[in-house]
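Written below as structure tokens is the structure these notes are about.
Number of protein chains: 4
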Amino acid sequence: MRSPEQYLEGLRDGREVWYRGERVDDVTAHPELAIAARHGSLDFHGPSDGPSPFYDLPRSADDLRRRSALIEESTTRGATLVVLLKEIGTDALFALHRVTHGTDTYGRVEAFYRHCRDGDLALAVAQTDVKGNRSLGPAGQADPDLYVRVTERRDDGIVVRGAKVHTSCTPNVDEVVVIPTRALAEDERDWAVAFAVPVATPGVKLICSDYLHGADDAWAMPVSSRHKMVETLTVFDDVFVPWERVFLDGDTERAGRLALTFVEYHRLTAVSYKLPLVDAFVGLGALLAEANGITRAGHVRDKLTWLIAYAESVRALTHLACDRARVDEATGLAYPDPLTTNLAKWTFARDYYGAVERVVDLAGGLLVTGVGGADWESPELRPYVEKYFAGAVPAAERLALLNLASDLCARSYAGYQGVLAVHAEGSLEAEKLMIYRSYDPRPATLLARRLAGLES
Amino acid sequence: MRSPEQYLEGLRDGREVWYRGERVDDVTAHPELAIAARHGSLDFHGPSDGPSPFYDLPRSADDLRRRSALIEESTTRGATLVVLLKEIGTDALFALHRVTHGTDTYGRVEAFYRHCRDGDLALAVAQTDVKGNRSLGPAGQADPDLYVRVTERRDDGIVVRGAKVHTSCTPNVDEVVVIPTRALAEDERDWAVAFAVPVATPGVKLICSDYLHGADDAWAMPVSSRHKMVETLTVFDDVFVPWERVFLDGDTERAGRLALTFVEYHRLTAVSYKLPLVDAFVGLGALLAEANGITRAGHVRDKLTWLIAYAESVRALTHLACDRARVDEATGLAYPDPLTTNLAKWTFARDYYGAVERVVDLAGGLLVTGVGGADWESPELRPYVEKYFAGAVPAAERLALLNLASDLCARSYAGYQGVLAVHAEGSLEAEKLMIYRSYDPRPATLLARRLAGLES
Amino acid sequence: MRSPEQYLEGLRDGREVWYRGERVDDVTAHPELAIAARHGSLDFHGPSDGPSPFYDLPRSADDLRRRSALIEESTTRGATLVVLLKEIGTDALFALHRVTHGTDTYGRVEAFYRHCRDGDLALAVAQTDVKGNRSLGPAGQADPDLYVRVTERRDDGIVVRGAKVHTSCTPNVDEVVVIPTRALAEDERDWAVAFAVPVATPGVKLICSDYLHGADDAWAMPVSSRHKMVETLTVFDDVFVPWERVFLDGDTERAGRLALTFVEYHRLTAVSYKLPLVDAFVGLGALLAEANGITRAGHVRDKLTWLIAYAESVRALTHLACDRARVDEATGLAYPDPLTTNLAKWTFARDYYGAVERVVDLAGGLLVTGVGGADWESPELRPYVEKYFAGAVPAAERLALLNLASDLCARSYAGYQGVLAVHAEGSLEAEKLMIYRSYDPRPATLLARRLAGLES
Amino acid sequence: MRSPEQYLEGLRDGREVWYRGERVDDVTAHPELAIAARHGSLDFHGPSDGPSPFYDLPRSADDLRRRSALIEESTTRGATLVVLLKEIGTDALFALHRVTHGTDTYGRVEAFYRHCRDGDLALAVAQTDVKGNRSLGPAGQADPDLYVRVTERRDDGIVVRGAKVHTSCTPNVDEVVVIPTRALAEDERDWAVAFAVPVATPGVKLICSDYLHGADDAWAMPVSSRHKMVETLTVFDDVFVPWERVFLDGDTERAGRLALTFVEYHRLTAVSYKLPLVDAFVGLGALLAEANGITRAGHVRDKLTWLIAYAESVRALTHLACDRARVDEATGLAYPDPLTTNLAKWTFARDYYGAVERVVDLAGGLLVTGVGGADWESPELRPYVEKYFAGAVPAAERLALLNLASDLCARSYAGYQGVLAVHAEGSLEAEKLMIYRSYDPRPATLLARRLAGLES
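Read top to bottom, the protein sequences are chains A, B, C and D. The opening position of the first sequence corresponds to residue 1 in the working numbering, with each subsequent residue numbered one higher. The opening position of the second sequence corresponds to residue 1001 in the working numbering, with each subsequent residue numbered one higher. The opening position of the third sequence corresponds to residue 2001 in the working numbering, with each subsequent residue numbered one higher. The opening position of the fourth sequence corresponds to residue 3001 in the working numbering, with each subsequent residue numbered one higher.
This is how it looks when you write it as structure tokens:
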């Protein structure tokens, strides 16, 4: 394993990164992107021998449980923000192993996997195409580049063009793994492509989202001022990829399978890394009730119970998704039970805003009308702030809790988590679709037919 | 294990049973109570050596899983209606073992347990007192008998008076186990009583509910015409109980603990026996959609997915409640994780009416405007019924499904299941209270304090 | 206006009615159908001069409010069960006026309207075709009779064949009005038919649903033992209809319009007649809480508040649907605002089961485990029943409330109301569709475009 | 009426305003507070004769409707952010008229009202005390100043000390009206105080919330970069108030009544000014679906319908709250029906987060991963942004909609609106309490008793 410093050193490689309209020379030195890079370094614990446990290939339910716990733990260190530098990349590597098994490119996947593991690399995964008009497939778009595609096949490799959105952490990883976003029709072979390239590859342009810009008050935003993840529009402007880094080219059936297999692993990652956030809601709700002096009200108890049930249902289903692991015969790789994984993810996602509302309810309106760090630091104002914001606990403690609640449930970071709950790692509708598809209806319909007297 | 016939034979013992205002001589010969008795006989598989597996004392997670599966299976045979002749009684016996351990009466519990197991007895459990004004405890009631109490302590035993409600299956079991309904104050020693008596004991009067009376059309009510469970107001009219059958007398602390410990086991029983019902909703929903020719509508898919997620969430939490078993050190008895058990039960209960609504939605209005068995049998009417009630499948099949849906989701049996979902084995509020109490808030509050900067 | 007796006399006319497989000679003398007939007679207040106010043609918001209040009041007399003998028929007559205006048959509609009004007739409306496979239209069905259709056009009239389901009150009305169930394609002219016939017309066969059979315990079922509405499969077995009773024949465009126009009026009728039921939930909830001694619990207050908000939201939207009346220019007839009417109906329907659950929660498990009228009447049992079912009020009062709750929220009548909430007068999906369609999106999209800077 | 410029000129008066730890000399010149001041100027339409219509005393349902429409319209100009400079102040003035009628201070209220109306003043209302430990009343707090109180009564007036939170717009109004926050006990006379002072009064210190700081990208935040409302901790540091400005002093009964009467008006104001926001959700949802090319999906239609029903239910109940106006006999002042007003507010508040979730769902993840204004303006990046963010409409249009959605549903302004939905103008629990209290249960309980046979 590399040390945080070794990791950061690796990011200074001339990569093309744009932030707020300007080219960034060194992401580790940029005032905002450096926060993301330092957050990313939480996934590095070296220098030490032996690979990072994130790279362990899961072969059993226990392996999946360990992996889930590892993700939960690293996100706790990330203060509810997933670190994701190895989590998502290994999800993709596991999926690539399974989907390419039996094909010519399996060896390339294995080699790339060893390269990443042995180098303790940080990986981004670019999956979601920009898609254009969503009612049309890749081949139906006005512009064929709206899904990443192969524009040229050469002796030494392929050339790709297009762009992916929502690629997390791209500015501060070593390599980006690119996989298809959806099932494809037979005549959409040029879009059936999966590969990996170093971020600094010519033609790879990262246009960063500055959505989390402005979290500059560490007192008022205890989480988002210190932790950041940056998404990019990841442009592939006629990027050359050598054959040893091409994992899929033209196999439309495997393209769809790869998209789903990745998601299978990635939704377990998702529910694992949501646990610190939902736990924080429970703890924060309880502490806010105490700080406000309202713990004895019936409705307060009711809201806390709801938050507990929410957090613990997500945790229970996440654990069970691991425990019900299945093993892919060909590769021996374990994967979480799809139905249970999607139940966990849907349970998390559909009630997320309800959880936010309850924490907001317990906290009070000060979440958005309170004072900032400069007021707290001001010698003229501090006496008033301390006097008038005391609750059942001193103002310093109450405001610390309110600031955390504002950061998690009201400010931009809250909106970030809310939108992620609805869309990241699959939308609500996608989760419902997978629940429907991964359920075997035969026992239930047989039971109903028997009860109706239609079967003996 | 006894045979069904041996079991039925045992019920002819002069017990005092009242149904619709009349004394019943022989419950196995009564037109309605016999249906309940035959339903109860589904728990008997002998004659054979060896005790019924319901009596196995659980000592591990695996034991609890086996027990849960056994309950699910017997309820499937009961066509969604729990059989309950050994399920609930053993819940009480396990709880009695744990709570009396270390006291003088532990030996009596063991002896009674062996008596039941070796005789393969059917047991009812009478827990819920009639309670009078619920804002008052036993000692505060205008009438002290509104909670079952000891009115006399003699050399050879005690005399009890009072009544329990909601006692299931009492008319067709061998013995009734009586336990307290709630925590008691120190001055409420006379109400801190637990014991067991044969149903035919003098002074025990069973006033049956006839709520499910009238299910006489086997075509229209495929479940409730064939399966029945009868609840009683179980009156103890100065009933004498010999000391060897008295398990608790005057220990108010243990009384409360016994009430909760029983419920701990019994809620796992409850969620286990709800699984065939929620599965039937899923299967029925799918078959009805097919029969009506509406499977391709988006809202239909959405409702089916919701039903699947509902049923499988309850199942997942039930399984995990077993897997997370804890073991009582003193007795070595395993019990399901209280938090997970209550999550399972609450998940089942809070969405039950929502599940009913969705099946009703998929079925159509014919649930309550359709024809009856006599119409189906009528040579004049059959041609019209067959012609006009055909859907995407023949009328015979569609009507069989609609009749099942009407029985499960609209008729009296549906209301029975609905009220049970809200109240049986603990109300919604009781489940929420146990979720709140069985949750350890320290990790979550510590996390929140750390995130807020209040802990290093 | 006719007297109840005059109305009942009119039902003895040889009509072909079948109940539980048997032909019924006289519906006013049949033990069960007579209950429905007597319930129907609540719409008759004569003998007196002047027509029934139900027949008043609405010309203003005030007229619609009066009509809504009239329906609410008659349903209150019906003990939460709508009487419906003039309510639904006039809905159809108003719609027929509007849709046939400007066509040759308008005069027939006017004449039929005067016939009904002046004779103070009771009318059923048969709209819902049996439909067969719902994914197909009338012309696509294996059997063309699955939607009522014209099989012959003669000099003196037409011959129709087919069947309608869910026709309410048919056995005890004078005439049945038949209208199309849905929009039709241009090649479906034979199904574009609307007409009226006396119930006793040859070929009209009424196969009654016996769904509400068995409500024979007046103590335990205070509502359903005294009030009944009967639905029929209404078969038209080559029924001849003279031209003066044919209101639509072959006009597919007007057929769809008639279906919708009727529903526009009928949904206002529906929400008007639901008000006594939802009010009863509120009152019953409050009285049950009191009887059980739980009024001071926070969750009880919360449930009562929810029930109040539910009932009053439905009432508010119903009133406003009238107040926002629109007037059809051609005929001068007023009709309720479609958007508001559908909002009212949807608000009622989508939360109905949630309301039931809350009343059940406040009532307790006795709803389905309590005793019956025979037990209450039994001199041996009464002392126990009185002693042990007392709450914070005497047993007689508490049980009266519990019996009402059981009737409204658990027994067959409860299921009847539940299924009606989901399906009658348009399903949940149909209501949502009409909300979507009757909403003018232009102001909202213009506002959003302005806020987005896309419009100046 | 004054002109916007006249209004702004009036704010340069030496008031003590603190923002981000620094004293602000001139709020109309400060880079952020000036945005709030300019937003406030939307309530000024002069110079012209005649008072602002906001000052019209409502005397009928029509007056309330006009007032509601006026508020809706001014908020539309405010781009979903209420302007509030006259809205809330007149709510307080109406309440003061009603509550002081018949007392000595009524003349002072009238004089102050004329002063404000004739001067076309902007008013803030400071109601919510800081409250300390919420389980205790004013007299029970460790610090008596945690509710604003009279510390001295002099010949010429009173001296007050304490602080209010959540006071909106204080930095840019002319006068602040102070009223009690809750019912008081008899021994809490010193806290029973209502008065008004110019903002620039010595001892009045405004410590501003900078919660909405950072909205500096007009392209990415089309609403919040241009519109702002600022809340203050409003400190009264031994402020002298002359008697003619003291409206209540020591009358604890009227103190509670004033708190509630103000809220009665203010909740109507609240639901009136929420209408543009909920309309924007509907319009935005529809436009986003179109821009993304997903309008034909069933779930999209379902979400749009839900949003329509939500917006139109709030509007309907708001209108009806006016239409059902009641008139205070003593003053002739009309006020909205309390039950209906609270139904409207609760309907708005309880489903607000559900509405946000649906818009987020229709928009997509780009809400929080998209690019900013500097990227859009960059000549190097624009081609990529235009190419890859096109949907079913060009990127410029799609991104304008996404930016609006991000501002309304994800960024800090979204959180501001979310927290306001839960807490402002009364929390969810407060609204439920008022629904419960303003409902007359007698008709419903009488109906239920009749149905139960307990009344003849």
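Using N, Cα and C, we set each Cβ at its ideal position, and we do this for glycine too. What you are looking at is a predicted structure, and each value in this text was computed from that prediction instead of being measured.
Unbroken alpha helix (DSSP H) run spanning residue i, endpoints
i, result
"Phe2054 of chain C", "No alpha helix (DSSP H) holds Phe2054 of chain C; DSSP gives it neither H nor E."
"Ser2378 of chain C", "Here Ser2378 of chain C belongs to no alpha helix (DSSP H), and DSSP marks it neither H nor E."
"Gly85 of chain A", "Strictly speaking, residue 85 of chain A in this sequence is Leu, with Gly absent from that position. Element bounds for Leu85 of chain A: n/a, residue is neither H nor E."
"Arg2948 of chain D", "Limits of chain D in this structure are 3001 at one end and 3456 at the other, which puts residue 2948 of chain D out of reach."
"Asp3118 of chain D", "Tyr3106 to Gly3119"
"Glu2022 of chain C", "Here Glu2022 of chain C belongs to no alpha helix (DSSP H); instead the beta strand (DSSP E) covers Glu2022 to Val2024."
Neighbour flag for residue i against chain D, beta carbons, 8 angstroms
i, result
"Asp1351 of chain B", "no"
"Arg2066 of chain C", "no"
Cut-off 7 angstroms between Cβ atoms - residues of its own chain near residue i, not counting five sequence neighbours on either side
i, result
"Leu1307 of chain B", "Phe1281, Val1282, Gly1285, Ala1355 and Arg1358"
"Asp1361 of chain B", "Lys1303"
"Thr1028 of chain B", "Leu1008, Leu1011, Arg1012, Ala1034 and Ala1037"
"Leu2042 of chain C", "Ser2074, Arg2077, Gly2078 and Val2083"
"Leu320 of chain A", "Thr340"
Sequence-distant residues of the same chain with beta carbon closer than 6 angstroms to residue i, five excluded per side
i, result
"Ser406 of chain A", "Leu367"
"Ala3220 of chain D", "Gly3372, Gly3373 and Asn3403"
Outcome for residue i when other beta-carbon atoms lying within 10 angstroms are tallied against a minimum of 16
i, result
"Gly3119 of chain D", "exposed"
"Pro2379 of chain C", "exposed"
"Leu2442 of chain C", "The amino acid occupying residue 2442 of chain C in the given sequence is Arg; Leu does not appear at that position. That one is exposed."
"Ala1095 of chain B", "buried"
"Pro975 of chain B", "Because residue 975 of chain B is not part of the residues shown, which for chain B are 1001 to 1456, the question remains open."
Short CB-CB distance (under 8 angstroms) between residue i and chain A
i, result
"Asp3238 of chain D", "no"
"Val3204 of chain D", "no"
"Leu3381 of chain D", "yes"
"Ile3294 of chain D", "yes"
Extent of the continuous beta strand (DSSP E) to which residue i belongs
i, result
"Pro1198 of chain B", "Val1193 to Pro1198"
"Ala2124 of chain C", "Leu2123 to Ala2126"
"Asp1237 of chain B", "Glu1231 to Pro1242"
"Asp2019 of chain C", "Here the sequence assigns Tyr to residue 2019 of chain C, which means Asp is not the residue at that position. Looking at the DSSP string, the run of the beta strand (DSSP E) that includes Tyr2019 of chain C is Glu2016 to Tyr2019."
Close beta carbons around residue i, own chain, < 8 angstroms, minus the five adjacent residues each side
i, result
"Ala2396 of chain C", "Glu2386"
Cutoff 8 angstroms: residue i Cβ touching any chain B Cβ
i, result
"Leu2366 of chain C", "yes"
| query | What are the residues of the segment 3296 to 3312 of chain D that lie near chain B, defined by any Cβ-Cβ distance shorter than 9 angstroms? | reply | When CB distances to chain B are screened at a threshold of 9 angstroms, the residues of the segment 3296 to 3312 of chain D falling below it are Ala3297, Gly3298, His3299, Arg3301 and Asp3302, in chain order.
| query | What are the residues of the segment 3402 to 3414 of chain D that lie near chain A, defined by any Cβ-Cβ distance shorter than 9 angstroms? | reply | Those would be Ser3406, Cys3409, Ala3410, Arg3411, Ser3412 and Ala3414, in chain order.
| request: Please list the residues of the segment 3428 to 3440 of chain D that have a C-beta atom closer than 7 angstroms to any C-beta atom in chain C, keeping them in chain order. | output: Residues are counted here when their Cβ sits less than 7 angstroms from a Cβ of chain C; for the segment 3428 to 3440 of chain D these are Lys3432, Ile3435, Tyr3436 and Tyr3439, given in chain order.
| Within 7 angstroms of chain D by C-beta, residues of the segment 211 to 236 of chain A in sequence order | Listed by position along the chain: Tyr211, Gly214, Glu231, Leu233 and Val235.
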